[in-house]
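J.: Numbers 0 to 282, taken from numbering that gives the first Met the number 0, label the letters of the sequence shown in order. Built from N, CA and C at the ideal position, the CB exists for glycine as well.
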Amino acid sequence: MVLRFGAPHIVGMFLTLPPAPPLASIVHSYWFVEDIPGQHQGRPIRTSPIPAAVLSVNVGRPNAAEDGSLVPDVSLLGLQSRPRSWQSWSNTYFVMAMLTIAGLVRLFPGTGAGGANRLLDLGAITGDAQASALSRWVGAALEPARVAAELDRWLIQKLASSEPVPESARLSRAHDVLRSGGSVATAAEAADTDRRQLQRWCHRHFGVGPKELADLERLQRSLRSAQTGNDDSVSGFSDQPHQIRNWRRRLGITPGAYQDDAPSPMAAYFSSNTVAAEPAFYL
C-alpha cells in the first residue's frame with residue numbers, strides 16, 4: 000500500500016503527529032490510520048489492554064467493531080483490560096487522540112464505570128452538539144496537519160469550558176506511584192487519602208481499581224519492550240513466570256510466542272515511531 004499524507008516525505012497508511020503544547024499532559028499524540036484501497040480488508044486487527052483512553056474520529060468509512068456493528072463516527076474507548084479486535088475495509092481513514100490518564104480524568108471525568116472496555120458514542124457523553132462539531136471540523140480538514148489542528152481546537156475549547164474535578168491532581172499523584180511500580184498503599188499516601196477512597200476514585204474515573212491499573216501499567220511496559228526489542232520485558236514483574244502468567248491472562252499468549260510472530264504492520268509502525276511513554280496499543 001502506498002498512501003501519501005500531507006508532507007511529501009511521509010508515505011504509508013500510518014502517521015503520528017504531536018498535539019499543541021497546551022495539550023501535552025492531556026494527549027500523547029494523534030495517530031492516523033488510513034486504508035483507502037482496503038489492503039487490510041477483512042483482516043482482524045487486535046488492540047492491547049491499555050491504561051489510557053482513545054478518542055477516535057472517523058474521516059472515512061467506519062470500521063466494524065467486535066460484534067460486527069459499525070463503530071460510531073466519534074467515539075471514546077476507556078481503559079481496556081483485555082484485547083479487542085475490529086475489521087478494516089476500503090475507505091478506512093480515522094484519527095485517534097491517544098489520551099493520557101490525566102487527560103481522561105480532565106476531559107471525561109466519571110466515565111470509568113460505563114467506559115472501561117467499551118467503545119462509547121461521544122455524543123452520549125458530551126452531547127450531540129459537541130460531538131457533531133468535532134466530527135464536522137475533522138471531516139472538513141482531511142489532511143493530517145489540519146486534522147490535528149482541528150483536534151487541538153476542539154480539545155482546548157473543551158478544557159476552557161470545564162473545570163477539573165477536585166480529586167484530579169491527587170489521582171495524578173497516585174497514578175505516578177502506581178506507574179513506577181509503587182504499592183496501592185503508597186499511592187494512596189501520595190494522594191493524601193486512604194486506600195478505600197482511592198479505590199472509589201479509580202473505579203469512578205477508570206472503571207478499574209488501583210491494583211488493576213498498576214497491573215495494566217506493568218503489562219504495558221513489558222509489551223512495549225517486547226515490541227521494541229529491548230531486554231526489559233520482565234521489568235516490573237517479580238520474575239519471568241510472573242510475567243508469563245500476566246501475559247497469558249491479559250493477552251492469551253506468552254512473551255516468547257509473541258516475539259516469535261511477526262508484529263502487525265500497525266504494531267511495527269507505532270512501536271518504532273512513538274516515544275516510550277506512549278501506549279503499546281496494537282498487537
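Taking the alpha-carbon of H27 as reference, which of G180, I100, K157 and Q242 has the nearest alpha-carbon?
T.: Working through the sequence shown from its first residue, we reach residue 27 at position 28. Nearest C-alpha to H27: I100.
J.: Rounded to the nearest angstrom, what separates T91 and P163 at their Cα positions?
T.: Here residue 91 refers to the residue found at position 92 of the sequence shown. Here residue 163 refers to the residue found at position 164 of the sequence shown. Going from the Cα of T91 to the Cα of P163 covers about 35 Å.
J.: Using 8 Å as the Cβ pair cut-off and three pairs as the minimum, do the region 234 to 242 and the region 133 to 140 touch?
T.: no
J.: Can you tell me whether E65 is buried or exposed, with buried defined as 16 or more other CB within 10 angstroms of its CB?
T.: Reading the sequence shown from its first residue, position 66 is the one you call residue 65. E65 comes out exposed.
J.: Count the C-beta pairs between the region 103 to 116 and the region 163 to 179 that are closer than 8 Å, then say yes if the count reaches three, no if not.
T.: yes
J.: Could you check the C-alpha separation between L14 and A275 for me, to the nearest Å?
T.: Along the sequence shown, read from residue 1 onward, the residue named residue 14 stands at position 15. Along the sequence shown, read from residue 1 onward, the residue named residue 275 stands at position 276. Distance between the alpha carbons of L14 and A275: 16 Å.
J.: Label S74 either buried or exposed according to how many other C-beta atoms from any shown protein chain fall within 10 Å of its C-beta, with 16 as the threshold for buried.
T.: One-based indexing of the sequence shown puts residue 74 at position 75. It is buried - the Cβ of S74 has at least 16 other Cβ atoms within 10 Å.
J.: Round the Cβ separation of V56 and L133 to the nearest angstrom and send it over; I've been treating them as touching at under 8 Å.
T.: In the sequence shown, residue 56 corresponds to position 57, counting from 1. In the sequence shown, residue 133 corresponds to position 134, counting from 1. Between V56 and L133 a beta carbon distance of about 6 Å is seen, short of the 8 Å cut, so the two are scored as contacting.
J.: When the Cβ atoms of the region 43 to 57 are set against those of the region 78 to 86, are three or more pairs found closer than 8 Å?
T.: yes
J.: Report the three-state DSSP secondary structure of V164 (helix, strand or coil).
T.: Numbered from its first residue, the sequence shown carries residue 164 at position 165. Three-state DSSP puts V164 in coil, outside helix and strand.
J.: Mapping DSSP to helix, strand and coil, what is W30?
T.: As a first step, residue 30 must be located in the sequence shown, where it is residue number 31. Of the three classes helix, strand and coil, the one that applies to W30 here is strand, per DSSP.
J.: Between L103 and the rest of its own chain, which residues show a CB-CB distance below 6 Å, the 5 nearest in sequence each way excluded?
T.: Here the question's residue 103 lines up with position 104 in the sequence shown. Excluding positions up to five away in sequence, the list reads A52.
J.: For P20, is the classification buried or exposed, using 16 other Cβ atoms within 10 angstroms of its Cβ as the cut-off for buried?
T.: Along the sequence shown, one-based indexing puts residue 20 at 21. Exposed: under 16 other Cβ atoms inside 10 Å.
J.: Suppose you measure from the CA of A173 to the CA of W153; what does that come to, to the nearest Å?
T.: Mapped onto the sequence shown, residue 173 falls at position 174. Mapped onto the sequence shown, residue 153 falls at position 154. About 28 Å.
J.: Rounded to whole angstroms, what is the Cα-Cα separation between L16 and A96?
T.: The sequence position of residue 16 within the sequence shown is 17, counting from 1. The sequence position of residue 96 within the sequence shown is 97, counting from 1. C-alpha separation (whole angstroms): 10 Å.
J.: Taking the alpha-carbon positions, what's the R289 to G251 distance?
T.: Shown here, the chain extends from 0 to 282; a query on residue 289 therefore has no answer.
J.: Going by the DSSP bridge assignment, what does Q40 pair with across the sheet?
T.: Numbered from its first residue, the sequence shown carries residue 40 at position 41. Answer is S87, bridged to Q40.
J.: Span of the beta strand (DSSP E) holding D120?
T.: Numbered from 1 along the sequence shown, position 121 holds the residue referred to as residue 120. Per DSSP, D120 belongs to the beta strand (DSSP E) from L118 to D120.
J.: When the distance is taken between beta carbons, is V176 closer than 8 Å to V94?
T.: Against the sequence shown, residue 94 aligns to sequence position 95. Against the sequence shown, residue 176 aligns to sequence position 177. No, Cβ-Cβ distance for V94 and V176 is not below 8 Å.
J.: Based on Cα-Cα distance, which residue from W85, L54 and G126 lies nearest to N62?
T.: The residue given as residue 62 occupies position 63 in the sequence shown. Considering only alpha carbons, the answer is W85.
J.: To which residues of the same chain is V207 closer than 7 Å at the C-beta, ignoring the five residues directly before and after it?
T.: Within the sequence shown, numbered from 1, the residue matching residue 207 stands at position 208. The residues are L78, S80, A115 and C201.
J.: Are the beta-carbon atoms of S89 and I124 separated by less than 8 Å?
T.: Indexing the sequence shown from 1 puts residue 89 at position 90. Indexing the sequence shown from 1 puts residue 124 at position 125. No; because the gap between Cβ atoms is not below 8 Å, this pair is not in contact.
J.: Whose C-beta lies closer than 6 Å to the C-beta of A6 among residues of the same chain, with five residues either side of it excluded?
T.: The count along the sequence shown starts at 1 and reaches residue 6 at position 7. Model confidence at A6 stands at a pLDDT of 39, short of 50, so the residue's coordinates are unreliable; what they give is reported in the following sentence. Hits under 6 Å: none found.
J.: Please report the straight-line C-alpha distance between A267 and S68, rounded to a whole angstrom.
T.: Here residue 267 refers to the residue found at position 268 when the sequence shown is read from its first residue. Here residue 68 refers to the residue found at position 69 when the sequence shown is read from its first residue. C-alpha separation (whole angstroms): 27 Å.
J.: Can you name, in chain order, every residue of its own chain whose Cβ lies under 8 Å from the Cβ of P254, other than the five neighbours on each side?
T.: Taking the first residue of the sequence shown as position 1, residue 254 is located at position 255. Scanning its chain for C-beta atoms nearer than 8 Å, with the 5 sequence neighbours on each side dropped, one finds around P254 the residues S221, A225, S232, Q242, I243 and W246, in chain order.
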